[in-house]
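Here's the structure, in structure tokens; my notes come after.
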Amino acid sequence: LRKLVWGFLLPSLLATAVYADPISIVVSTDSKLTQITEDDVARLYLGRSSTINDIEVTPIDFKEDTPLALEFHSKVLKKNPLQYQQYWARLLFTGKAKPPVANMETPEAMVKFISTNKGTLGYTNQKAVPPEVKVILVIE
Amino acid sequence: MRTLLYLAFGLSLSAAASADDKISIRGFGTVGYTQMLTSEGGEEFDPTAMSYKPSKTKKYWGVGKPGSFTRDTRFGLNIDAPLMKGKMHLTAQFYAEGANQTNGFYKYFAQRLSLLSLRAEPVNNLHVTFGLLQAPMWMISEERYVGFTFPYIRPPSEVVGITRSGDTIEGATVYYNWNVGSWTIRPRIGYGSYNNNGPYDTNSDVENEAHIFFNVLQLEYENILISAAYHTFRGNSTQDLYQVVNQAGMDMRFTLANHLDYNGYDTVLGVKAEFPHLFLMAEYSNNTVNTYNFEGFLYPMEDSSQNVTGSYALIGVPMGNWMPRVTVAAAKRTFNLDANNVEKMAETLITNNPDIPDAQKPLARQAIRAQGTDGFRKFYRTESQQMTINLGLNYQWSSTTVLKAELERVNSPATGTIGEGLFGLKRGSTIHLANFAIDFVF
């Protein structure tokens, strides 16, 4: 058991802690939004709110099977891939809400889209976020 | 209203197609197969002896035959057209499933519109939808037709059957998302009408029209959903029963009509909670229907009422891509009769019941009268129960596809069962089913 803990489990946990990049929540530089909470972000991406501080915000997501989307859904939305699909299937097919547009493939594409579409909100794990967008929250 | 919505939807599709807003096409489906493993005939009432005797007839209620794809297979296609830069949405959803006949068999597929609605958010977090909507008769199971959202192949039929009077309504609904910390509190009200006319089989036509007012409160926190609801409804039902009687060597066709008005209410409480290694799901429902203004030939049910209580609890243990689970469900229906009408009803029943030979009718009539109300209650099932134990296993093939397998035991400990598909199981009957299914969304 000791070998298992020291040889496998602990290094795995450390690796996760060390290599999990923070997720930056970004909006366009001319957005009125200056700050946001993690709860607010979750509400936006789960269709439970469409405004933050009375400012309309449209969340944009990565394609569902990209590593960053999986990490974001797990860390921020508290949903594994199946739970995420089931959550939106329930809302979509009962006519209540529609999931966020999820067509981004890379952080670069996300930043480019957010920078040119005022009123949208996205996320990236880039260590140096380009100046075309404004970081309003960093989730470690 | 539906015609107007069709028109609006067509116009909007063409408008949206020419604009930047993108039309989304999504769908869901379950390909499910049910195999009857064993079926015991149970007992049936012998009106001449005023007692039960073993039934020689084994029935495959709910499946119609030993194996069936139609019972658990379903498909849905959802088309959503955003308007005004996504501020409004027009949604149409086509749905196909095995057709449910009054005898509980699913012999063919039927398709219908399950959504045709316009949705908007005029004020922050306040959502208004009108058109053809899905009625939230069951809170968690509101999406019961989307098999993918369920841990089992089909919703527990024994607790949705009798209250499934209108699964779609034409009307409007409003809900508000009130966010408090990590919780979302969602009150919802709605009003609408439904009309689920038959014919359900070749021998009868059923017209059922009603209005429903529903009130729902949901609390959501991460992967926990708690729902409570209270609905009231009022409507009327007319059944035309066709009979062919041979008189003087000629087949004479008669149409006999039953009509009744009814009102009632549903009370529902449900919870669905997902944790890393535990999945819980439970629901309780009570449905009461009062009938009055009865006009008919067969069952003079003036001032009678019917109460259905159903509940289920599911416990699953997620282990990686696998989730074994066990579901226990029970339902009970009680038919409350006005004692003043019992003798009249018994007389009518005996006179019109083709199952009682003419020669035996005087004896049956005498026996029932001798026993008064209690005798009638024995003759006509006034209470029915059903209990189900279901062992299942889910395998997550991908984030959009789940494979499922189940073994199910359904039995009727008292006097017959209730519920969609299994309606009519005889007292003491037990059936065992196996189900296999693939659930998917796209």
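Chains A and D, in that order, give the protein sequences. Those letters in the first sequence? Residues -8 to 131, by my numbering. Those letters in the second sequence? Residues 13 to 454, by my numbering. Cβ atoms here follow ideal geometry from the backbone N, Cα and C, with glycine treated the same way.
TODO: Give the straight-line distance between the Cα atoms of residue 38 of chain A and residue 94 of chain D, rounded to the nearest whole angstrom.
DONE: The count along the first sequence starts at 1 and reaches residue 38 of chain A at position 47. The count along the second sequence starts at 1 and reaches residue 94 of chain D at position 82. Put simply, the backbone Cα of residue 38 of chain A is about 15 Å away from that of residue 94 of chain D.
Open item on the list: Would residue 139 of chain D pass as an interface residue toward chain A - the criterion being a Cβ-Cβ separation below 9 Å?
Closed with: Looking up residue 139 of chain D in the second sequence gives position 127. At least one chain A Cβ lies under 9 Å of residue 139 of chain D.
Open item on the list: Measuring CB atoms only, is the segment 80 to 99 of chain D touching the segment 140 to 147 of chain D, in the sense that at least three cross pairs come out at less than 8 Å?
Closed with: The segment 80 to 99 of chain D vs the segment 140 to 147 of chain D: no contact.
Open item on the list: Suppose the cutoff is 8 Å on Cβ atoms and the five residues either side in sequence are ignored; what does the same chain contact list for residue 104 of chain A look like?
Closed with: For the purposes of this step, residue 104 of chain A is identified with residue 113 of the first sequence, where counting begins at 1. Sequence-distant partners of residue 104 of chain A (beyond 5 residues in either direction) whose C-beta falls short of 8 Å from its own C-beta, in its chain, are 51, 95, 111, 113.
Open item on the list: Mapping the DSSP letters down to three states, classify residue 131 of chain A as helix, strand or coil.
Closed with: Within the first sequence, numbered from 1, the residue matching residue 131 of chain A stands at position 140. For residue 131 of chain A, the secondary structure class from DSSP, reduced to helix, strand or coil, is coil.
TODO: Quick one: list the residues of chain A neighbouring residue 136 of chain D, beta-carbon separation under 9 Å, in chain order.
DONE: On the second sequence, position 124 is the one that residue 136 of chain D refers to. Result: 40, 41, 42, 45, 47.
Task: Closest residue to residue 130 of chain D among D:101, D:124, D:108 (Cα-Cα distance) - done: Locating residue 130 of chain D in the second sequence gives position 118, where the first residue counts as 1. Each of D:101, D:124, D:108 was checked against the Cα of residue 130 of chain D, and the nearest Cα belongs to D:101.
TODO: Examine chain D for any beta-carbon lying closer than 9 Å to the beta-carbon of residue 70 of chain A, and answer yes or no.
DONE: Reading the first sequence from its first residue, position 79 is the one you call residue 70 of chain A. At least one chain D Cβ lies under 9 Å of residue 70 of chain A.
Open item on the list: Less than 7 Å between C-beta atoms, sequence neighbours within five positions excluded: which residues of the same chain meet that for residue 181 of chain D?
Closed with: In the second sequence, counting from the first residue as 1, residue 181 of chain D sits at position 169. Hits under 7 Å: 145, 147, 204, 205, 206, 224.
TODO: Along the beta strand (DSSP E) that carries residue 105 of chain A, what are the first and last residues, could you check?
DONE: Numbered from its first residue, the first sequence carries residue 105 of chain A at position 114. Run containing residue 105 of chain A: none in the beta strand (DSSP E); it sits in the alpha helix (DSSP H), 98 to 107.
Task: Any 3 or more C-beta pairs closer than 8 Å across the segment 402 to 420 of chain D and the segment 326 to 337 of chain D - done: Contact between the segment 402 to 420 of chain D and the segment 326 to 337 of chain D is present, because at least three Cβ pairs lie under 8 Å.
- [ ] Check each candidate in D:84, D:419, D:240 and name the one with the smallest Cα separation from residue 120 of chain D.
- [x] One-based indexing of the second sequence puts residue 120 of chain D at position 108. Closest in alpha carbon position to residue 120 of chain D, among D:84, D:419, D:240, is D:84.
Open item on the list: Can you confirm whether the segment 23 to 38 of chain A touches the segment 61 to 68 of chain A when touching is taken to mean that 3 or more C-beta pairs between the two stretches lie within less than 8 Å?
Closed with: Below 8 Å, enough C-beta pairs join the segment 61 to 68 of chain A and the segment 23 to 38 of chain A to call them touching: three or more.
TODO: Look at the Cβ atom of residue 161 of chain D, then the Cβ atom of residue 80 of chain A, and state whether they are nearer than 9 Å.
DONE: On the second sequence, residue 161 of chain D is found 149 positions in, with the first residue counted as 1. On the first sequence, residue 80 of chain A is found 89 positions in, with the first residue counted as 1. In this structure, the beta-carbon distance from residue 161 of chain D to residue 80 of chain A falls below 9 Å.
Open item on the list: Just verifying my parser: in three-state terms, what is the DSSP assignment at residue 362 of chain D?
Closed with: Taking the second sequence and counting its residues from 1, one reaches residue 362 of chain D at position 350. Residue state, collapsed to three classes: helix.
Open item on the list: Using CA atoms only, rank isn't needed, just tell me which of D:233, D:43, D:401 is closest to residue 443 of chain D.
Closed with: In the second sequence, counting from the first residue as 1, residue 443 of chain D sits at position 431. Nearest of D:233, D:43, D:401 to residue 443 of chain D, Cα basis: D:401.
- [ ] Could you tell me which chain A residues have their CB closer than 7 Å to the CB of residue 453 of chain D, listed as they occur along the chain?
- [x] Counting from one through the second sequence, the residue named residue 453 of chain D turns up at place 441. Correct list: 76, 80.
- [ ] Give the residues of chain A in contact with residue 92 of chain D, contact being defined as C-beta atoms less than 7 Å apart.
- [x] Residue numbering aside, residue 92 of chain D sits at position 80 when the second sequence is read from its first letter. Within chain A, the residues near residue 92 of chain D are 89.
Task: Under 9 Å between C-beta atoms of residue 345 of chain D and residue 397 of chain D - done: Counting from one through the second sequence, the residue named residue 345 of chain D turns up at place 333. Counting from one through the second sequence, the residue named residue 397 of chain D turns up at place 385. Going by C-beta atoms, residue 345 of chain D is nearer than 9 Å to residue 397 of chain D.
Open item on the list: Check whether the segment 42 to 49 of chain A and the segment 41 to 51 of chain D touch, using three or more Cβ-Cβ pairs below 8 Å as the test.
Closed with: Cβ pair count under 8 Å is below three, so no.
Open item on the list: Could you tell me the alpha carbon to alpha carbon distance between residue 79 of chain D and residue 418 of chain D, rounded to whole angstroms?
Closed with: For the purposes of this step, residue 79 of chain D is taken as the residue at position 67 of the second sequence. For the purposes of this step, residue 418 of chain D is taken as the residue at position 406 of the second sequence. Straight-line measurement puts the Cα of residue 418 of chain D at about 14 Å from the Cα of residue 79 of chain D.
TODO: Measure the C-alpha to C-alpha separation of residue 122 of chain A and residue 61 of chain A and round it to an integer number of angstroms.
DONE: Within the first sequence, the letter at position 131 stands for residue 122 of chain A. Within the first sequence, the letter at position 70 stands for residue 61 of chain A. Straight-line Cα distance between these residues: approximately 25 Å.
TODO: Starting from the C-beta of residue 302 of chain D, find all residues in its chain whose C-beta is less than 7 Å away, skip the five residues before and the five after it, and write them out in chain order.
DONE: Your numbering for residue 302 of chain D matches position 290 in the second sequence. Within the same chain, residue 302 of chain D has close Cβ partners 274, 275, 276, 317.
Open item on the list: Using C-beta distances below 7 Å, list every residue in its chain close to residue 57 of chain A, excluding the 5 sequence neighbours before and after it, in chain order.
Closed with: What you label residue 57 of chain A is simply residue 66 of the first sequence in a count that begins at 1. Excluding positions up to five away in sequence, the list reads 96.
Task: Closest residue to residue 86 of chain A among D:34, D:48, D:185 (Cα-Cα distance) - done: For the purposes of this step, residue 86 of chain A is identified with residue 95 of the first sequence, where counting begins at 1. Among D:34, D:48, D:185, the Cα nearest to that of residue 86 of chain A belongs to D:185.
TODO: Compare the C-alpha of residue 232 of chain D against each of D:242, D:416, D:195 and name the closest.
DONE: The residue labelled residue 232 of chain D in the question sits at position 220 within the second sequence. With distances taken between Cα atoms, residue 232 of chain D lies closest to D:195.
Open item on the list: Which of the three DSSP states is assigned to residue 410 of chain D in this structure?
Closed with: Here residue 410 of chain D refers to the residue found at position 398 of the second sequence. It is a strand residue.
Open item on the list: Quick check on residue 14 of chain A: buried or exposed, where buried means 16 or more other Cβ atoms within 10 Å of its Cβ?
Closed with: Indexing the first sequence from 1 puts residue 14 of chain A at position 23. So residue 14 of chain A counts as buried.
Open item on the list: For residue 452 of chain D and residue 234 of chain D, what's the separation of their Cα atoms in angstroms?
Closed with: Indexing the second sequence from 1 puts residue 452 of chain D at position 440. Indexing the second sequence from 1 puts residue 234 of chain D at position 222. Approximately 23 Å, taken between the alpha carbons.
- [ ] Taking only beta-carbon positions, decide if residue 21 of chain A is within less than 9 Å of chain D.
- [x] Within the first sequence, the letter at position 30 stands for residue 21 of chain A. Not one chain D Cβ lies under 9 Å of residue 21 of chain A.
TODO: Go to residue 131 of chain D, then tell me how far its beta strand (DSSP E) extends in each direction, as first and last residue.
DONE: Indexing the second sequence from 1 puts residue 131 of chain D at position 119. Judged by DSSP secondary structure, residue 131 of chain D falls within the beta strand (DSSP E) whose first and last residues are 121 to 135.
- [ ] Would you mind reading off the limits of the beta strand (DSSP E) that contains residue 66 of chain A?
- [x] Start at 1 with the first residue of the first sequence, and residue 66 of chain A comes out as number 75. That residue, residue 66 of chain A, is in no beta strand (DSSP E); its alpha helix (DSSP H) goes 58 to 66.
TODO: Just mark residue 404 of chain D as buried or exposed, buried being the case when its beta carbon has 16 or more other beta carbons within 10 Å.
DONE: Stepping through the second sequence from its first residue, residue 404 of chain D is reached at position 392. Its Cβ being crowded by 16 or more others within 10 Å, residue 404 of chain D is buried.
TODO: Mark residue 10 of chain A as exposed unless 16 or more other C-beta atoms lie within 10 angstroms of its C-beta, in which case mark it buried.
DONE: Position 19 of the first sequence, counted from the start, is the residue given in the question as residue 10 of chain A. At residue 10 of chain A, the pLDDT of 49 sits below 50, so the modelled position is not reliable; the number obtained from the coordinates is stated separately. Under this definition residue 10 of chain A is an exposed residue.
Task: Where residue 134 of chain A falls, given that 16 or more other Cβ within 10 Å makes a residue buried - done: As displayed, chain A neither begins before -8 nor continues past 131, which places residue 134 of chain A out of reach and without an answer.
Open item on the list: I'd like the list of long-range same chain contacts for residue 140 of chain D, defined as Cβ closer than 8 Å, with 5 residues on each side in sequence excluded.
Closed with: Taking the first residue of the second sequence as position 1, residue 140 of chain D is located at position 128. Answer for residue 140 of chain D: 131, 132, 133, 134, 184, 185, 186, listed in chain order.
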